[in-house]
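Here is the structure we will look at.
Protein chains in written order, with the working numbering: chain S, 4 to 116; chain Z, 204 to 316.
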């Protein structure tokens, strides 16, 4: 069975700082990778996804993520965070044959002014 | 933009009572899911549903849980006899196909007292 690890549980950054959130997964076969964001009081929204092709994927709101197969990683990045990026970020994976998503524990990002 | 809607947003119930959580998936989607998130923990998969039957379920989804698509639009999760540990945020999601991105509803916060 697949699993997902997010190493940073709580990150505090000042506005304009750069962001990188780590995500590692364990699964030996083909995977689809996702980053979801949950703003306070709102539902999970998809930031970006990787199915195949270019391992550097760009999502909404200036976020990007890079799939490094050899490291089983899919880290999320943003060059310059804004106060409005304060939210919880979840990495998730599903496999090519099963549809369920397996989530990491989430990273709470707090951006200060 | 089409969205997944869930009702109610908050449900308080007494231990041992039955609850039904309701969801309206996106209309052209074929796969439906329920996830839950206990406070402070990660989002966990409960069940997936396709072609009017359960396609996969987790260990959490025991005999106390059931799902149904009673008509062409609703997708429900029933908990027959609620326990204190069922208190969580329950998310419904839908996807067009089994391995495409899932769209989440805003969740139902279930509190069992």
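By construction, the Cβ of each residue, glycine as well, lies at the ideal position given by its N, Cα and C atoms.
Note that the coordinates shown come from a computational prediction; the quantities given were computed from them, not determined experimentally.
DSSP state of residue i mapped onto helix, strand, coil
i                      : result
residue 73 of chain S  : helix
residue 8 of chain S   : strand
residue 64 of chain S  : helix
residue 233 of chain Z : coil
residue 23 of chain S  : strand
residue 206 of chain Z : coil
residue 55 of chain S  : coil
Start-to-end residues for the beta strand (DSSP E) that takes in residue i
i                      : result
residue 40 of chain S  : 34-41
residue 293 of chain Z : 291-298
residue 113 of chain S : 110-115
residue 247 of chain Z : 246-253
residue 256 of chain Z : 256-260
residue 281 of chain Z : 278-282
Reference residue i, options the options, closest by Cα
i                      : options                       : result
residue 310 of chain Z : S:78, S:24 and S:43           : S:43
residue 249 of chain Z : Z:299, Z:224, Z:239 and Z:256 : Z:239
residue 57 of chain S  : S:77, S:49, S:111 and S:46    : S:77
residue 202 of chain Z : Z:275, Z:211 and Z:219        : Examination of residue 202 of chain Z is not possible in this model, given that chain Z is present from 204 through 316 alone.
residue 246 of chain Z : Z:255, Z:254, Z:236 and Z:252 : Z:236
residue 9 of chain S   : S:48, S:51, S:109 and S:75    : S:109
residue 68 of chain S  : S:13, S:27 and S:114          : S:27
Practice prompt. Taking a Cβ distance cut-off of 8 Å, strictly less, list which residues of the segment 17-47 of chain S are near chain Z, in chain order.
Written response: Per Cβ criterion, the list reads 35, 37, 39, 45, 46 and 47.
Item to complete: Evaluate the contact criterion for the segment 30-43 of chain S versus the segment 73-93 of chain S: three or more CB pairs, one atom per stretch, below 8 Å.
Response: The answer is yes - the segment 73-93 of chain S touches the segment 30-43 of chain S, with three or more Cβ pairs under 8 Å.
Worksheet entry | Short-range partners of chain Z found in the segment 97-116 of chain S, where Cβ spacing is below 9 Å | Those would be 97, 98, 99, 100, 101, 102, 103, 104, 105, 106, 107, 108 and 109, in chain order.
Worksheet item: Counting Cβ pairs closer than 8 Å, one from the segment 80-87 of chain S and one from the segment 19-29 of chain S, do we hit at least three?
Response: The segment 80-87 of chain S, when compared against the segment 19-29 of chain S, does touch it at the 8 Å Cβ threshold.
Practice prompt. Identify each residue in the segment 267-298 of chain Z for which the Cβ-Cβ distance to at least one residue of chain S is less than 9 Å, and report them in chain order.
Written response: So the list reads 294, 296 and 298, given in the order they occur along the chain.
Practice prompt. Could you list the residues in the segment 223-251 of chain Z with a C-beta less than 8 Å from some C-beta on chain S, going in chain order?
Written response: Against chain S - using a Cβ distance shorter than 8 Å - the residues of the segment 223-251 of chain Z are 234, 236, 238, 244, 245, 246, 247, 248 and 251.
Worksheet item: Which residues, in order along the segment 71-90 of chain S, keep a beta-carbon less than 8 Å from a beta-carbon of chain Z?
Response: Within the segment 71-90 of chain S, no residue has a Cβ that lies closer than 8 Å to any Cβ of chain Z.
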